[in-house]
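Chemist:
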Amino acid sequence: MVKAYYVHRHISRLLKGFTVDSQLPLALITESFVLVHLTGMAILVGAFIANMRAKTNFPFTLMVWGASIQLFTGTILVGLAYMGDDAPDNVKITVKTLLATGALIAAILGSKRQSHGDTKLQPFFHTAGGFAFINLIIAVLWNAELYA
Ligand code: HEM
């Protein structure tokens with residue numbers, strides 16, 4: 007208990023020094039969400055690439071998780087960006103949200119149909135994976151700094 011109290015005091019004192027004019031706590035929180043955002047991207051896009059040639063047993067459950075993580079962490083990242091100095095590009099965010107929502111819906115529909123024993127689920131798989139992959143390209147290449 008005593009030790010925890012001192013550790014806490016020490017950390018608060020450290021943070022107090024930073025909060026005067028530094029964005030360190032906000033930056034750390036933002037980077038932690040970027041970490042989860044990139045993990046969600048890896049789950050979603052990875053599930054697609056690893057099964058691109060599959061004809062059955064599509065990994066829809068993984069894709070539902072991946073797309074949900076992207077929508078959740080992406081929305082938090084937008085909020086955090088507004089809290090800091092750099093407002094995000096609203097057109098880019100809108101396009102990413104629409105594509106991620108499309109990917110989530112396609113993965114949910116595919117998952118439901120697969121559990122009912124339906125076949126011919128490749129269009130759902132390719133829509134979810136394709137939208138996710140386009141979002142990855144947009145995330146990295148739709149960057150004003152690149153073309154300034
Ligand atoms: C399939 C869906 C998605 C994928 C694959 C994806 C991918 C990525 C990647 C790779 C980055 C890092 C880019 C870089 O730093 O160069 C990123 C950043 C970001 N994404 Fe997404 N994203 C997705 C969905 C979303 C959604 C739905 C939103 C908003 C609602 C969003 C908001 C953001 C924001 C604000 C950042 C910037 C974080 C920062 O560097 O401060 N993303 N995304």
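Going by our numbering, the first residue of the sequence shown is number 7, and it counts up by one from there. Built from N, CA and C at the ideal position, the CB exists for glycine as well.
Answer yes if the region 118 to 129 comes into contact with the region 93 to 106, meaning at least three C-beta pairs across the two stretches below 8 Å, and no otherwise.
Modeler: no
Chemist: Assuming residue 73 contacts residue 33 under a Cβ cut-off of 8 Å, what Cβ separation, rounded to an integer in Å, is found between them?
Modeler: Residue 73 to residue 33, Cβ: 27 Å. No contact.
Chemist: Using only the heavy atoms of ligand 1, determine whether one of them is closer than 6 Å to the beta carbon of residue 100.
Modeler: no
Chemist: Assuming the contact rule is C-beta atoms closer than 8 Å, residue 80 and residue 102 should be a hit. Round their C-beta distance to whole Å, please.
Modeler: 7 Å
Chemist: For the alpha helix (DSSP H) that contains residue 96, what are its first and last residues?
Modeler: 96 to 121
Chemist: Closest to residue 150 by CA distance: which of 98, 137, 119 and 129 is it?
Modeler: For the residues 98, 137, 119 and 129, the minimum Cα distance to residue 150 belongs to 98.
Chemist: DSSP three-state call for residue 7: helix, strand or coil?
Modeler: Because the pLDDT of residue 7 is 43, which lies under 50, any placement of that residue in the model is unreliable, and the question is left without a value.
Chemist: Using only the heavy atoms of ligand 1, determine whether one of them is closer than 6 Å to the beta carbon of residue 68.
Modeler: no
Chemist: Just to confirm, is the Cβ distance from residue 116 to residue 104 under 7 Å?
Modeler: no
Chemist: Around the Cβ of residue 85, are there at least 16 other Cβ atoms within 10 angstroms (buried) or fewer (exposed)?
Modeler: Exposed.
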